[in-house]
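Student: In the working numbering, the protein residues as written are -2 to 574.
Here it is, the structure in full.
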């Protein structure tokens, strides 16, 4: 008889209770208000231009017309596929890109509601609060200004898209019918997890979150649930080995992140993150110093910049969360969720920029769980608490609207960033480039000068500085900077620019000499032949100019200047010039 009961228990694992349905006319009204609010909040960025890292992504490069297989060959094929769709919808018009970002954000917010609702129900929060508390968590996730970088910044889509698949996988895991996962749940979770990782690598934290969830809630502070769900964890373990192999080159050889980074070591990065985590926590509570490029010093040792204080406080918080895990399970769980989801970018794997606001995008879930747990324990009237929540959301929406406006143009973004990180060279360089693109060359020169005061001028700075001088018709200063750049890196590009400036001064011999040098360095650099065609056309050598422009177009058919020059040279030949 005992044997029969044991078999019956194995066939029918304990069911996980489902949350009671929310039935209220206020629900669709709240959803509609949230959607209207978020579209209004992000509307200033809807037609924002390509910014910063956007300009090195495929949709901003001449290869935009290449076949899909060329887009998705790399470490983030799902992300690149989404960009490919936008590129074919609107090309260089950014509107569809921004709408896609916002739709992804809205879907992720809906998944936050599902996740928070289930976790609130498991933590035995009395009805009717789980529903509206989960709604508040989702709305705050939707409207919090810290999320602006992941939504208004097109390159930030990697965070939002990865998080969407991440939370979809987590929601499937949480909303399963039984405590032991079925093979159907396993397949769904693994597929969604794969899409998340192939959108951005930091989704690798999902297995740790699943283990943490099973330990806390299935059935509660035990390893029983983990043992029951071996069907899920064994494939994940196998996949982890393959994932490490797939991303190994990125981890060990990437120039902006990974253990090959020469700016600092893994332990120096860890010391720095012991401080950085508290910046994220502070900005979540009071997001008043948001910036696109933080000037955050590296802790080269445990005592530098107070890293030891951050480490001690962090360890104390971990100890407190563990000690009070049974008394305050949701808050304790939320704190560990925050640490787990921040770990891929804020632990020991060095990243050149120690702080970036978009990194908290998914990890905000943990902080929201702490907030709603505290709110569930507040002993005030529900109407008063609801009013306070409404005020918080309105404040958040207003700040997001203002922040989205900052992300709408290059100049507004980098002027804001320079104001908040005045001693960081890169932000002055980016602002100078933005001014130059806008034709404000005098302001560009000022920013390039400031950049040179903060760091030793490199090749890129010298070339852009020279072009700004050329824009102001200060050819002497332009040539001085270009020759400095040529000493650092004698490229075809810099010598073609030298030839271009000499040609503007009608110094034809010097121009031809510089362009000849550019040809020797790189015969396939198309712009050289555009400038060479211009020199030949200006010196009444139309036949040579035709050959130069044709050569340039053969190398790069997208150069409109070469096409126009060819038409002029051919017209000159027909006229007998």
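Backbone N, C-alpha and C fix where the C-beta goes; we use that ideal spot for every residue, glycine too.
Please report the straight-line C-alpha distance between residue 431 and residue 408, rounded to a whole angstrom.
Tutor: In a straight line, the C-alpha of residue 431 is about 6 Å away from that of residue 408.
Student: Relative to the C-alpha of residue 513, which candidate in 539, 233, 545 has its C-alpha closest?
Tutor: Closest by alpha carbon: 545.
Student: Output the boundary residues of the alpha helix (DSSP H) element that contains residue 359.
Tutor: Neither: residue 359 is in no alpha helix (DSSP H) and is coded neither H nor E.
Student: Ordered along the chain, which non-local residues of its own chain (more than five positions away) have a Cβ less than 8 Å from that of residue 535?
Tutor: Result list for residue 535: 500, 503, 505, in chain order.
Student: Residue 495: buried (16+ other C-beta within 10 angstroms of its C-beta) or exposed?
Tutor: Residue 495 is buried by the Cβ-count criterion.
Student: For residue 591, which of 282, 208, 44, 91 has the nearest alpha-carbon?
Tutor: Absent from the model: residue 591. The displayed extent of the chain is -2 to 574, so no value can be given.
Student: For the putative contact between residue 139 and residue 106, defined by C-beta atoms under 8 Å, what is the C-beta separation to the nearest angstrom?
Tutor: Between residue 106 and residue 139 the Cβ distance is about 4 Å, and since that is below 8 Å, they are a contact.
Student: Less than 9 Å separating the beta-carbons of residue 327 and residue 32?
Tutor: For residue 327 and residue 32, no; Cβs fall outside 9 Å.
Student: Report buried or exposed for residue 101, applying the criterion of at least 16 other Cβ atoms within 10 angstroms of its Cβ.
Tutor: Buried.
Student: Determine the extent of the alpha helix (DSSP H) in which residue 515 is found, giving its start and end residues.
Tutor: It spans 505 to 518 - the alpha helix (DSSP H) in which residue 515 sits, taken as one unbroken run.
Student: Once DSSP output is grouped into helix, strand and coil, what is the label at residue 118?
Tutor: Residue 118: helix per DSSP, three-state reduction.
Student: Put residue 102 into one of helix, strand or coil per three-state DSSP.
Tutor: Here residue 102 sits in helix by DSSP.
Student: Measuring alpha carbon to alpha carbon, tell me which residue in 212, 43, 49 is nearest residue 414.
Tutor: Ranking 212, 43, 49 by Cα distance to residue 414 puts 49 first.
Student: Among the candidates 133, 95, 28, whose CA atom is the shortest distance from the CA of residue 82?
Tutor: Taking only the C-alpha atoms, the option nearest residue 82 is 95.
Student: Do residue 72 and residue 158 count as a contact pair if the criterion is CB distance below 9 Å?
Tutor: Going by C-beta atoms, residue 158 is not nearer than 9 Å to residue 72.
Student: Rounded to a whole number of angstroms, what is the C-alpha to C-alpha distance between residue 419 and residue 451?
Tutor: C-alpha separation (whole angstroms): 10 Å.
Student: Given a cut-off of 9 Å, decide if residue 548 and residue 417 are closer than it, judged by their beta-carbon atoms.
Tutor: Going by C-beta atoms, residue 417 is not nearer than 9 Å to residue 548.
Student: Restricting to Cα atoms, I'd like to know which of 55, 134, 118, 74 is closest to residue 367.
Tutor: Out of 55, 134, 118, 74, 134 has the C-alpha closest to the C-alpha of residue 367.
Student: With a threshold of 8 Å on Cβ separation, who are the neighbours of residue 587 within its own chain once the five nearest residues in sequence on each side are excluded?
Tutor: Missing from the structure shown is residue 587; the chain here goes from -2 to 574 and no further.
Student: Straight-line CA distance for residue 307 to residue 400?
Tutor: Cα to Cα, the separation comes out at about 29 Å.
Student: For residue 537, report the span of its alpha helix (DSSP H) as first-last.
Tutor: Note, residue 537: premise wrong, no alpha helix (DSSP H); not H, not E.
Student: State yes or no: is the C-beta of residue 182 within less than 9 Å of the C-beta of residue 170?
Tutor: Taking 9 Å as the Cβ cut-off, residue 182 and residue 170 qualify as a contacting pair.
Student: Taking 8 Å as the threshold, find out whether the region 431 to 448 comes into contact with the region 293 to 310 through three or more Cβ pairs.
Tutor: Contact between the region 431 to 448 and the region 293 to 310 is absent, because fewer than three Cβ pairs lie under 8 Å.
Student: Tell me which same chain residues have a C-beta within less than 6 Å of the C-beta of residue 559, skipping the five on either side of it?
Tutor: Contacts found: 527, 546, 549, 550.
Student: Of the choices 214, 355, 204, 305, whose alpha-carbon is the least far from that of residue 236?
Tutor: It is 204.
Student: Report all residues from its chain with a CB closer than 6 Å to the CB of residue 565; omit the five preceding and five following residues, and keep chain order.
Tutor: Excluding positions up to five away in sequence, the list is empty.
Student: Determine the burial state of residue 355: buried for a count of at least 16 other Cβ atoms within 10 Å of its Cβ, exposed for fewer.
Tutor: Residue 355 is buried by the Cβ-count criterion.
Student: Does the Cβ-Cβ distance between residue 27 and residue 191 come in under 9 Å?
Tutor: The answer is no: Cβ separation not under 9 Å.
Student: Contact between the region 372 to 387 and the region 142 to 150: three or more CB pairs below 8 Å?
Tutor: At 8 Å Cβ cutoff, the stretches do not touch.
Student: In whole angstroms, what separates the C-alpha of residue 406 from that of residue 78?
Tutor: In a straight line, the C-alpha of residue 406 is about 25 Å away from that of residue 78.
Student: Could you work out which residue in 510, 230, 93 is closest to residue 56 when comparing CA atoms only?
Tutor: Minimum Cα distance to residue 56 is reached at 93.
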